[in-house]
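For the sequence shown, our numbering begins at 1 and goes up steadily by one.
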Amino acid sequence: MTYVPPTFRALHDGWTLTAAELAANAPHGARPALAAGVPAVVPGEAHLDLHRDGLIDEPFDGDNEAAQQWIGDTSWRYTTTFVRPPGDAARHDLVAHGLDTVATVTLNGVEVGRTQNMHRSFRWDVREALREGENTLVVTFAAPVPEASARAEQDGDLPSTNHHEYNQLRKMACSFGWDWGIDVAGAGIWKPIGLDAWSGVRIASVRPLVDVLAGAGGGHDGLLTVHVEIERDGVRPDEAVPVTVALTPPGGEGPLLKAATVAAGSTTATVELLVADVRRWWPAGHGDQPLYDVEVTASSGADTAEWSGRVGFRTVELDTTPDEAGAPFLLKVNGETVLVRGANWIPDHAFLTRVDRDRYARRVDDALEANVNLLRVWGGGIYESDDLYDLADERGLLMWQDFPFACAAYSEDEPMRAEVEAEARENVTRLSPHPSLVLWNGNNENTWGSVDWGWAGRLGGRPWGDLYYRELLPGVVAELDPTRPYSPASPYSFGDYRHPNDERYGTMHIWDVWNREDYTVYARYRPRFCSEFGFQGPPAWSTLTRVVHDEPLDPFGHQMLVHQKAHLGNAKLERGWQGHLPDPATITDWHWTTQLNQAHAVRFGIEHLRSLTPHTTGTIMWQLNDNWPVVSWAAVDHDEHRKPLWYALRAAYAPRLATIQPRPSAAARAAAWEGLAPELDDLALVVVNDAAERLTGTWTVTRESLDGSVLAKATVEVDVPARDAATVALPAEVAAFGDAAAEVLVATADDPEAGVAPAFRHGAEVVDQRLDPRPFEVSAAATEDGCVLRVTATSLARDVFCHADVVDPAARVDEGMVTLRAGQSATFRVVSPAGGDPAAFAAALRCANDLLGGPARG
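In structure tokens form, the structure reads like this:
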């Protein structure tokens, strides 16, 4: 949340929600209550108040989404009364940090403001409207769906991807529904609202920008440049205002102090502090995250205004300089290359006010524990909360923030243009202190859409938003925060007359896989950086069955498809497992098959793309999280269960990764040179070393039967520089499968301290392997908070996973997607608040093998 000064008094009590103009399709039984009003929680949202009062059922359950569409067609009014605060402050400002979205605000019947942008705050001087004693504050919201439609009819519709005209409003795009998101476009006071009573001077904004300079003796000095903007109350409009900046290093040493003055007639001052031998802030895996406290004060007579925040000293660069292969997308922090292991981030709940700091903290845990080092805040959501950015600052998780433009054309006319500039200025300023923020990005897929999605005929020559991405937004970033790089779009090729999604340049999105191609098609791509790609799978069983109640449960049941928003999504899931996994015989097998195939697909893609290091400098998989219970691309579902994909992601994103990949043989390269069809590729061991130390050593490569018998064996030498990869051809006698359905290649580092998991290459897909359907034995022992499962393989066991939530929806397990060779063991530690029976958790273990004929759950 934006810094709130001590002079701010929240007005969060005593609110009532009424229907200002009720939709025609509203339920008749609720009409009396909606006319009379129901208690409202502020900050909050209309849907939540209606549910809390029993007027609607749980929005996520069953087919309630369709039954509740009237909420987005209704105009809502929030009303409260309050007593004028005591004191003799010269100014009383009504401050609304977030109104969703088109609103009229009145105080004691006097209109004080109108808004049409949920992505910014508003401040109104209400001295003249305030009364002694009781005051009445009313915020009336236009119905968002009709409002968007009316603007499209008035100004002309603009291309977009979904069924609502979401691009007509500066409102979170995905609140109108997405191909993973529920349609719950509504209204609400979604951030704090209240009175700011102040005199003399107010700090309007602070931008503490950092730089790192070469210091004495090869060290580093920090330069903090604090841009301070003030507002005077009008009593002393022309006086000079002293400003003081205090910078306190981590560890509690005394602060560095620097004073300056806002000159008479001016509203801004700049204060510079030089920090000798500064402690630099680093991304996770590269170093520590020291944070320095910043306090700013401004004084006018006896009145003092305050601001506080934190900074981390580091530099950020984005290198897109053309090279012999095209143009890279290379992120550097403190001059050091960062190989991005990223995940796309969507709003973590369809109702934003239900995301608190603790929930953000759990998602940051999900990211970092999966070896993710960057989150891309996607452009169909919001400018994310300071809570998320604070957590990222503390833990070294890099953040890429899209401006909120996604998959659509946007008007460049007024008032849209003015709103875009206002929100950009506010949020660039607000997020400027956070060292974790390393990139601003203009839009998601709009530049690509303007080329490939047939917009030209619909636009008829009208602008589509390019002015924002090429001029307005980069201009705001350059003016207010030149310390961070800017990218116009994702995907983007960083050059005129280049296709925006050209794999040779900049960033790329890969969506033919999932939409129409088998996931092995990932191997055809050699992007410089892949900022979106992914594959779907259902949420945990308990999450799915909590909201889907079809009888019998079926992949194409009505409620199931309500919770599958992608076009032909479940048909694509079915197509996706063909050739990889057997057709499921039961609904529980369908659930396991599709979850498993999702994990296999994304891991296949990541391992291929990472094996191209340093040609490919990063991947950002779609997506880390969900905003409601749904079949989707997420690794962590809405109920916070880590899907099989999450465990596969953790393995594929290990800082040190070994993978066995096809590489063109000498004969294939010669054939390609002659213009002939290439022969089959050879196999190679590729070791990626995303660590600061060089990795050297010997590796043992074996070709084994499924019972563990060694059929061939070789030793290879591996030498990988830091932040790089090395490719070692495998000897033909090891790499050539004899009986592919019954053999597997395994490459293992001889040094167990190398920190690299073994690499597996199966001779055939699961559906074609002669796997034992019951390949392990289990021992289960109760613990104080759950149980421990000890799994020992009697034959090759692929992707052992415990569906612990089937036993206890609150259960969590530390391991998953474990492949065991015959004789190997693994331990699964289950934490279960309900204290489930260890035998039941043992029965919840599954593996890829059992799809070939083993026991099915349920």
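Just so it is clear, CB atoms sit at the ideal spot from N, CA and C, and this is done for glycine as well.
- Residue environment analysis places V245 among the buried positions, since at least 16 neighbouring C-beta atoms fall within 10 angstroms of its C-beta.
- As the crow flies, the alpha-carbon of M508 is around 22 Å from that of P159.
- In the displayed model, F529 falls within coil according to three-state DSSP, outside both helix and strand.
- Exposed is the label assigned to Q578, since fewer than 16 other Cβ atoms lie within 10 Å of its Cβ.
- The shortest C-alpha to C-alpha distance from L685 to any of A726, P664 and G708 is the one to A726.
- Residue environment analysis places R484 among the buried positions, since at least 16 neighbouring C-beta atoms fall within 10 angstroms of its C-beta.
- Counting along the chain, no beta strand (DSSP E) covers S450; the unbroken alpha helix (DSSP H) around it starts and ends at N446 to D452.
- Taking 8 Å as the cut-off, the beta carbon of W590 is found closer than this to the beta carbon of P555.
- Counting other Cβ atoms within 10 Å of its Cβ, V372 reaches 16 or more and is therefore classed as buried.
- Around the beta-carbon of L568, fewer than 16 other beta-carbon atoms lie within 10 Å, marking it exposed.
- The alpha-carbon of A129 is positioned some 16 Å away from that of T79.
- Of all alpha-carbon atoms in V513, A343, F141 and N446, the one lying nearest the alpha-carbon of L374 is that of A343.
- Every alpha helix (DSSP H) of 4 residues or more that sits fully in the region 519-607 is shown, in chain order, as 541-547, 558-562 and 569-577.
- Of the candidates H641, E743 and A422, H641 places its Cα closest to the Cα of A810.
- In this structure, the straight-line span from the alpha carbon of T616 to that of P655 is close to 15 Å.
- When only Cα atoms are considered, M560 and D550 end up about 7 Å apart.
- Taking a cut-off of 8 Å on C-beta distances, the region 351-361 touches the region 28-48, as three or more cross pairs fall below it.
- With fewer than 16 other beta carbons inside 10 angstroms of its own, Y497 counts as exposed.
- Residue state for W514 is assigned as helix, using DSSP reduced to three classes.
- In chain order, A780, A781, A782 and C787 place their CB closer than 7 Å to the CB of P838, counting only its own chain and leaving out the 5 sequence neighbours on each side.
- Under the three-state reduction of DSSP output, P242 falls in the strand class.
- Assignment of N64 by DSSP, reduced to helix, strand and coil, places it in the helix class.
- Distance from the CA of F841 to the CA of P662, rounded to the nearest whole angstrom, comes to 39 Å.
- Our two residues, V791 and E384, have alpha carbons roughly 42 Å apart in a direct line.
- The region 144-157 makes contact with the region 165-175, as at least three CB pairs between them are under 8 Å.
- For H92, the enclosing beta strand (DSSP E) begins and ends at R91 to A96.
- Of the residues W307, G312, P283 and A284, the one whose Cα lies closest to the Cα of L291 is G312.
- Per the coordinates, the alpha-carbon of L273 lies some 15 Å from the alpha-carbon of R280.
- With a threshold of 16 other beta carbon atoms within 10 Å, L480 meets it and is buried.
- As a beta-bridge residue in DSSP terms, P208 pairs with V226.
- Ranking D57, P491 and I510 by CA distance to the CA of A30 puts D57 first.
- Distance from the CA atom of T101 to the CA atom of A185, rounded to whole angstroms, is 10 Å.
- Under DSSP, W76 forms a beta bridge with A19 and F141.
- DSSP places A422 in the uninterrupted alpha helix (DSSP H) bounded by M416 to L431.
- When Cβ pairs closer than 8 Å are counted between the two stretches, the region 461-470 is seen to touch the region 393-410, the count reaching three or more.
- Cβ contact annotation for T297 (same chain, cutoff 6 Å, sequence separation greater than five): T244, T304 and E306, in chain order.
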